[in-house]
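Chains as they are written, first to last, in my numbering: chain A, 144 to 339; chain B, 12 to 488.
Single-structure report; data block below.
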Amino acid sequence: MSSYGQVYVENGKYRLKGDFHHLTPNMPIRDKNDNWRLLGVTNPRDMTYIHSYGGEAVFFESLSKGKLLGTRCENPDCDYKGTAYIPFRIHCPDCLGKNKIEDFTKLAQETGKIHTFMVCERSGAFNALDKPIKFINIEFDGISTILMSYLSLGDPKFGMRVVPIFRTLDPTYTILDLSWVPEGTKASELPEGFSF
Amino acid sequence: MIHFTDKQLKIPKMQRPVYLVTAGQSKFDRAMPDKRTEELCVDALTMAADLANMTPAELKGYIHTAYYGHFADHFGDQLLGEAVIHDRLGLDPLGNIGVKTGGATGGSTIWEAFKAVASGYSDCSLAMGWERMDEVPTDEGNFLISSAADKDWESPLGHIYTGYYAVMAQRYWQIFGKSEDSFRKTLAEISVKHHGYARMNPFAQAGMKITVDDVLNSPVVADPLRALDCCLMSVGAACVVLCDEETANEFAKKTPHKPLRLYSAAGSHTLRPADRRDMEIPLLPHESKDLYKDLAERFPGGERYPGFSGFLAARMAAYYGYGMSGVTNPMDDLDVLELHDAFTISDVQTYEDIGLRPYGEGRDYVESGDCYHTNPKTGEPGKLPSNLSGGLIGCMHAVGATGIMQTLEVATHIWNRWAEIHGDDKLWKKFGRTKPSDWTDLQVKGAKRGMAISHAGVGSHVTSTILMDPDHLLKKD
Chain A
144 MSSYGQVYVE
154 NGKYRLKGDF
164 HHLTPNMPIR
174 DKNDNWRLLG
184 VTNPRDMTYI
194 HSYGGEAVFF
204 ESLSKGKLLG
214 TRCENPDCDY
224 KGTAYIPFRI
234 HCPDCLGKNK
244 IEDFTKLAQE
254 TGKIHTFMVC
264 ERSGAFNALD
274 KPIKFINIEF
284 DGISTILMSY
294 LSLGDPKFGM
304 RVVPIFRTLD
314 PTYTILDLSW
324 VPEGTKASEL
334 PEGFSF
Chain B
12 MIHFTDKQLK
22 IPKMQRPVYL
32 VTAGQSKFDR
42 AMPDKRTEEL
52 CVDALTMAAD
62 LANMTPAELK
72 GYIHTAYYGH
82 FADHFGDQLL
92 GEAVIHDRLG
102 LDPLGNIGVK
112 TGGATGGSTI
122 WEAFKAVASG
132 YSDCSLAMGW
142 ERMDEVPTDE
152 GNFLISSAAD
162 KDWESPLGHI
172 YTGYYAVMAQ
182 RYWQIFGKSE
192 DSFRKTLAEI
202 SVKHHGYARM
212 NPFAQAGMKI
222 TVDDVLNSPV
232 VADPLRALDC
242 CLMSVGAACV
252 VLCDEETANE
262 FAKKTPHKPL
272 RLYSAAGSHT
282 LRPADRRDME
292 IPLLPHESKD
302 LYKDLAERFP
312 GGERYPGFSG
322 FLAARMAAYY
332 GYGMSGVTNP
342 MDDLDVLELH
352 DAFTISDVQT
362 YEDIGLRPYG
372 EGRDYVESGD
382 CYHTNPKTGE
392 PGKLPSNLSG
402 GLIGCMHAVG
412 ATGIMQTLEV
422 ATHIWNRWAE
432 IHGDDKLWKK
442 FGRTKPSDWT
452 DLQVKGAKRG
462 MAISHAGVGS
472 HVTSTILMDP
482 DHLLKKD
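Below, the structure is given as structure tokens:
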């Protein structure tokens with residue numbers, strides 16, 4: 144009986160439950176054109192990384208609650224005070240002070256615009272998105288950076304107004320819980336599990 | 012708008028000059044099931060010894076430190092691979108260190124060895140790089156490469172690095188290419204050129220006689236980039252040997268070529284293009300502010316720098332490198348280039364970053380014919396030929412070795428040994444490759460100075476390696 148590996152934290156320590164790897168035997172690699180002589184072996188391996196989001200955890204948790212968080216430097220001594228960031232930056236890259244977390248959901252809904260895009264026909268292994276993947280980079284009024292994400296409905300165009308949608312049902316707690324649709328899309332048209 | 016201080020913009024000044032005395036590389040291929048990585052590194056070092064008219068043991072006798080470039084431990088599934096290679100090359104107990112900066116690993120490895128010699132720590136350093144990308148299936152290889160993007164914010168979006176470049180290609184095409192089909196055709200011409208030059212290179216894995224239509228009809232990977240717009244996945248190794256002047260003079264008594272003066276510099280920028288903030292364009296020696304005052308009028312949308320259309324890291328690597336070596340205008344001062352053509356679009360972007368053309372006008376470097384060995388429009392030598400090796404699109408992208416291969420290729424032109432090395436019938440036969448009946452000598456006649464650009468990620472690290480005939484320097488020490 145096996146189960147997916149699960150992890151929780153108790154008293155600052157990781158606690159592990161279930162199976163984290165499965166043993167698969169290695170196999171010989173032989174040369175068909177040279178009397179099947181041995182060239183090497185396969186080394187199959189199935190591992191699970193235990194990854195902390197650290198100070199960004201609140202961003203990923205908030206996606207599942209329908210919120211897009213960003214940050215802003217509010218250090219009065221910083222030359223770049225007031226600079227706002229999406230993607231979320233824990234620290235100001237200039238003064239290294241701790242940035243203030245802000246909810247930019249409304250700003251994104253009202254000003255999100257496609258800066259650039261592409262349509263991807265292929266993917267690497269372990270891809271979880273349907274192909275073709277419509278990558279979009281979104282700019283927002285008053286934000287110094289440009290977020291990379293993906294468009295779930297419609298065809299991307301430069302300058303297209305888009306609004307965020309969130310996977311609030313069965314979230315993955317990854318960046319894939321955030322997606323975008325053209326402004327004016329109806330709630331009934333959204334992909335399963337997503338809401339505005 | 013962000014700014015840099017004068018201290019940050021200081022031109023590096025080295026303690027003493029550094030020379031490249033010899034170089035070597037293995038065959039490059041998509042897979043090499045019959046060779047271990049150490050065998051490829053031995054091949055590279057043996058070639059370096061051959062070019063210097065020495066035995067490998069004689070050459071090794073000069074080496075004092077070793078710098079090893081290997082991008083991806085997870086491709087080779089071997090941590091501390093540097094220790095394996097160092098031992099198999101018989102270089103213990105010399106100090107050695109691994110260098111990892113993604114696609115710029117080869118250039119960064121040279122940068123480190125350069126500083127070791129320039130500082131006086133070593134009189135002779137080895138810079139060796141390798142990669143083997145054949146130990147996982149291609150889709151898993153793409154997954155591993157995508158791990159060089161931000162693993163929480165970018166990699167899950169398809170696990171396909173080409174996609175991260177394609178958004179840049181779309182933006183560049185719209186702003187500076189004015190959405191013209193002719194710009195897309197120019198990108199295709201770069202692929203035709205690089206696959207074509209690779210046909211003349213026995214080390215290269217993807218020599219092809221193709222047309223623009225072949226590129227435009229190849230499968231879409233990430234629109235607008237197609238399969239033939241993209242670099243290769245490769246296996247192979249390359250090395251250079253760097254010395255101080257006294258040691259270089261010893262080499263000069265034995266080798267059939269001059270030691271070449273070498274300068275190396277580096278720049279960086281954010282791993283995520285998303286994090287790039289607006290700034291003024293840092294200027295190269297031959298540029299003035301006026302050059303860009305009406306950029307946004309000529310190219311609406313092009314006012315944001317570097318945005319998604321330029322590479323600040325490449326511009327800074329050129330800025331520091333030109334300052335160190337005395338290059339004031341690369342089109343006039345250099346004779347041959349090897350650029351990091353990970354994708355056809357990044358080749359064009361780099362033309363502007365390193366000042367071959369002003370920002371927004373990179374396509375003209377191809378369309379004018381300047382980038383060719385022989386300008387197809389005039390039949391005369393190209394003004395500043397690039398990627399005569401075939402580059403990453405036609406020759407190889409064995410990541411840790413790439414920047415070193417590029418430097419070797421530039422050196423062969425300045426040594427006037429390109430034809431001797433690339434036209435060697437025995438080498439074609441040894442590599443199991445057929446020398447084309449129309450094989451062409453791509454030696455850049457009279458080449459005295461050249462540069463290799465090594466580039467990582469979506470512009471996270473870039474190095475410039477500048478080589479000069481010591482009798483044709485541009486700047487006094």
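All C-beta atoms, glycine included, are put in the ideal place defined by N, C-alpha and C.
These numbers come from a predicted model, not from an experiment.
C-alpha of residue 447 of chain B to C-alpha of residue 209 of chain B: approximately 11 Å in a straight line.
For the region 170-188 of chain A, the set of residues with a beta-carbon nearer than 8 Å to any beta-carbon of chain B comprises 172, 174, 182, 183, 186, in chain order. Within the same chain, 153, 157, 233 come within 7 Å of residue 171 of chain B by CB-CB distance, once the 5 residues on both sides are set aside. Under the criterion of beta carbons closer than 8 Å, residue 211 of chain B and residue 408 of chain B do not qualify as touching, at roughly 18 Å. The region 386-399 of chain B and the region 54-64 of chain B do not touch, with fewer than 3 CB-CB distances between them shorter than 8 Å. Take the alpha-carbon of residue 419 of chain B and the one of residue 286 of chain B: they are about 34 Å apart.
CA-to-CA, the gap between residue 181 of chain A and residue 267 of chain A works out to about 29 Å.
Judged by beta-carbon spacing, residue 296 of chain A lies within the 8 Å limit of residue 325 of chain A, meaning their Cβ atoms are closer than that value. In the structure shown, the three-state DSSP call for residue 203 of chain A is helix. Restricting attention to B/99, B/68, B/106, B/101, the CA atom closest to the CA of residue 76 of chain B is found in B/106. At least 8 Å separates the beta-carbon of residue 259 of chain B from that of residue 267 of chain B.
Under the three-pair Cβ rule at 8 Å, the region 391-401 of chain B counts as touching the region 187-206 of chain B. Taking a cut-off of 8 Å for Cβ pairs, the region 325-338 of chain B and the region 347-365 of chain B touch, as three or more such pairs fall below it.
Excluding the 5 residues flanking it on each side, residue 290 of chain B has same chain C-beta neighbours closer than 8 Å at 12, 13, 14, 316, 317, 323, in chain order. Residue 327 of chain A and residue 309 of chain A have their C-alpha atoms spaced approximately 16 Å apart.
Using a Cβ-Cβ cut-off of 8 Å, residue 185 of chain B counts as an interface residue toward chain A, since at least one Cβ of chain A sits closer than that to its own. DSSP places residue 390 of chain B in the coil class of the three-state scheme, outside both helix and strand. Put simply, the CB of residue 171 of chain B is near chain A, with a gap under 8 Å to one of its CB atoms. Proximity to residue 269 of chain A across A/336, A/189, A/303 peaks at A/189, based on C-alpha coordinates.
Within the region 253-277 of chain A, the residues whose Cβ lies closer than 9 Å to some Cβ of chain B are 258, 259, 260, 261, 262, 263, 264, 265, 266, 267, 268, 269, 270, 271, 272, 274, 275, 276, listed in chain order.
Between residue 274 of chain A and residue 260 of chain A, the CB-CB gap reaches or exceeds 8 Å. For secondary structure counted as the alpha helix (DSSP H) over 4 or more consecutive residues, the region 148-172 of chain A holds no complete run. The three-state reading of DSSP puts residue 402 of chain B in helix, counting H, G and I together. Taking residue 211 of chain A as the centre and dropping the five residues before and after it, the same chain places the C-beta of 247, 248, 251, 307 closer than 6 Å to its C-beta, in chain order. Out of B/37, B/130, B/63, the CA that lies nearest to the CA of residue 23 of chain B is found in B/130. For residue 196 of chain A, the chain B residues whose C-beta falls within less than 8 Å of its own C-beta are 163, listed in chain order.
Residue 168 of chain B is a Cβ neighbour of residue 293 of chain A, given a cutoff of 8 Å.
For residue 344 of chain B, the nearest beta carbon of chain A is not closer than 8 Å to its own beta carbon. Between the alpha carbons of residue 150 of chain B and residue 236 of chain B lies a gap of roughly 17 Å.
Your pair residue 247 of chain B and residue 51 of chain B checks out as a contact, with CB atoms roughly 6 Å apart and the cut at 8 Å. Per DSSP, residue 339 of chain A lies in no beta strand (DSSP E) and is assigned neither H nor E.
Distances from the CA of residue 114 of chain B to each of B/379, B/463, B/351 were compared; the closest alpha carbon is that of B/351. For residue 208 of chain B, the uninterrupted alpha helix (DSSP H) run begins and ends at 192-209, by DSSP. The DSSP assignment places complete beta strand (DSSP E) segments of no fewer than 3 residues inside the region 249-316 of chain A at 256-263, 276-282, 290-293, 305-310, in order along the chain. Residue 429 of chain B and residue 421 of chain B have their C-alpha atoms spaced approximately 9 Å apart.
For residue 52 of chain B, the uninterrupted alpha helix (DSSP H) segment begins and ends at 48-62.
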